[in-house]
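Trainee: Numbering (full-length UniProt numbering), first residue to last: 1 to 218. We put the beta carbon where it would ideally sit given N, CA and C, even for glycine.
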Amino acid sequence: MNERGKSLYSSALVRLPEPRFVVFYNGLRNAEDDMILKLSDSFERKEGDPALELKVRFLNINQGSNPELMKKCRTLREYSEFVVRVRKCVKEEASLVDAVERAVTECIRDGILEDFLRKQRSEVVAMSILEYDREEELKKLRDAEYENGKTDGKAEGRAEGKAEDLLLILEFRWRVPGWLKERIFQEADVFCLENWMKAAMSAGTLEDFLKKAGLAEN
């Protein structure tokens, strides 16, 4: 029996809520304000009505896009402004952490997402560092020269950059022991470092992070 008291093996039609899928976009590439993305657009060969389809509404929430939507939704409007300020501060500050901290401080001062930023400041700073790092990686991947010239030296540089970003997040949240710093900079697998960054974002304590990341003191 399920939670509604009906048999899981019943032949009766089960009514489901109508699903709706929405993507809010704030990336760096130019994009339309509003469009529909279809799973079938990625099919190698599409003939007639596909047996499986998924439609997702794509909404651009970068500043200047979708003015009517932004006018109606204060949270989206303020989030868009927050993103603009983070990007501006990153260009002006030498340290990524300092840039994000400055953007958060300015937004709180100016009443932009004020309550949320006050309550979730450390999580927002860590997430913003991670998201900015992703933006930079995507820019590099779109660069043909970068794509065609993957040398061992560049791979090492990417891993070192990921390690530095991870350490920034960890040090912002907790006191990081020396053995852990050394272990992070020894890791050459970019994919592994990205997973550790995700673990750092979701962990509640340093011990929780170590458990999620599969790390232990030597």
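#1: From the DSSP output, which residues share a beta bridge with M197?
#2: Give every residue of the same chain whose Cβ lies closer than 8 Å to the Cβ of L166, excluding the five residues on either side of it in the sequence, and list them in chain order.
#3: Taking 8 Å as the threshold (C-beta atoms), are F172 and V97 in contact?
#4: Give the DSSP-derived three-state secondary structure of V86 in the structure shown.
#5: Since I believe A103 is in contact with R85 (beta carbons under 8 Å), could you give me their beta-carbon distance rounded to a whole number of angstroms?
#6: Rounded to a whole number of angstroms, what is the C-alpha to C-alpha distance between E207 and E18?
#7: Buried or exposed: A94, going by 16 or more other Cβ atoms within 10 Å of its Cβ?
#8: Quick check: Y25 and N66, are their CB atoms within less than 8 Å of each other?
#9: Using the C-alpha atoms, what's the distance from S40 back to P50?
#10: Is L130 closer than 8 Å to Y79 when the C-beta atoms are compared?
#11: Taking the Cβ atom as the reference point for each residue, do L76 and F58 lie within a distance shorter than 8 Å?
#12: Whole-angstrom Cβ separation of V125 and E106, contact assumed at under 8 Å?
#13: By Cβ distance below 8 Å, which residues in the same chain neighbour D33 in space, the five residues on each side in sequence not counted?
#14: If we call anything under 8 Å between Cβ atoms a contact, is S202 one with K211?
Mentor: In this structure, then:
#1: Looking at the DSSP assignment, M197 forms no beta bridge with any residue, so it has no partner.
#2: I184, L193, W196, M197, A200
#3: Cβ atoms of V97 and F172: closer than 8 Å.
#4: V86: helix per DSSP, three-state reduction.
#5: 4 Å
#6: 41 Å
#7: exposed
#8: no
#9: 7 Å
#10: Contact: no.
#11: Contact: no.
#12: Going by Cβ atoms, the distance from V125 to E106 rounds to 13 Å, so no, they are not a contact pair.
#13: L59, N60, S65, N66
#14: no
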